[in-house]
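What follows is a short report on a single structure.
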Amino acid sequence: GRDVHQQVTMAVPAPMHLPPAALAPSADVSDADDAEDGPAESGNGKYQIVSSPFVGTFYRAPGPEAEPFVEVGNHIEKGQVLCIVEAMKLMNEIEAEYTGVIAAVLVENAQSVEYGQPLFKITPA
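Structure representation (structure tokens):
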């Protein structure tokens, strides 16, 4: 019976170490969701931030010779294409979630971007 008891005590500490590690990433994720759901609370509240929905390469224009989709100072409408993020060889058009004016372009053309990385600042209009 002693062997069984030892196995039990050895098995108990392992699960107890799992929850903190398991909780940490999900806590970060919920923080990120809050920031996206409530743009007014992020930073100074004057700007809406458009962030990358995935890891990929940021393109300001539909092609190398083409004009950028948007420039700083452009008035944009909700649903307007702001840029392309290429992920896994797919060109994903990123659309504006707000109507407003482009306050800043935060990423250089053809720069690689991370998931959740801010791409544009928009002044709501």
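Numbering (the working numbering), first residue to last: 1050 to 1174. A virtual CB, placed ideally from N, CA and C, is assigned to each residue, including glycine. Since we're looking at a predicted model, the values are computed, not measured.
Could you tell me the alpha carbon to alpha carbon distance between residue i and residue j, rounded to whole angstroms?
i            : j            : result
residue 1176 : residue 1162 : This structure does not reach residue 1176, given that the chain is present from 1050 up to 1174, and the question cannot be answered.
residue 1141 : residue 1110 : 12 Å
residue 1158 : residue 1105 : 12 Å
residue 1149 : residue 1138 : 30 Å
residue 1103 : residue 1166 : 9 Å
residue 1168 : residue 1127 : 16 Å
residue 1143 : residue 1133 : 6 Å
residue 1089 : residue 1117 : Low per-residue confidence applies at residue 1089: pLDDT is 43, beneath 50, and the placement is therefore not dependable, though the value from the model is reported in the following sentence. Spanning the two alpha carbons is a distance of roughly 27 Å.
residue 1112 : residue 1121 : 19 Å
residue 1123 : residue 1174 : 11 Å
Would you list the one or two residues that DSSP bridges to residue i?
i            : result
residue 1165 : DSSP output for residue 1165 lists no bridge partner at all.
residue 1155 : DSSP, once it has assigned bridges, lists no residue as partnering residue 1155.
residue 1108 : 1133
Under 7 Å Cβ to Cβ from residue i, same chain only, skipping five residues before and after it: list those, please.
i            : result
residue 1170 : 1096, 1098, 1152, 1153 and 1155
residue 1119 : 1125, 1131 and 1151
residue 1172 : 1095, 1096, 1149, 1150 and 1152
Report yes if the C-beta distance between residue i and residue j is below 8 Å; otherwise report no.
i            : j            : result
residue 1129 : residue 1145 : yes
residue 1164 : residue 1101 : yes
According to DSSP, simplified to helix, strand and coil, what is residue i?
i            : result
residue 1147 : coil
residue 1160 : coil
residue 1113 : coil
residue 1141 : strand
Tell me which residues share the same chain as residue i and place their Cβ nearer than 6 Å to its Cβ, disregarding the 5 neighbours each side in the sequence.
i            : result
residue 1135 : 1105 and 1106
residue 1160 : 1107
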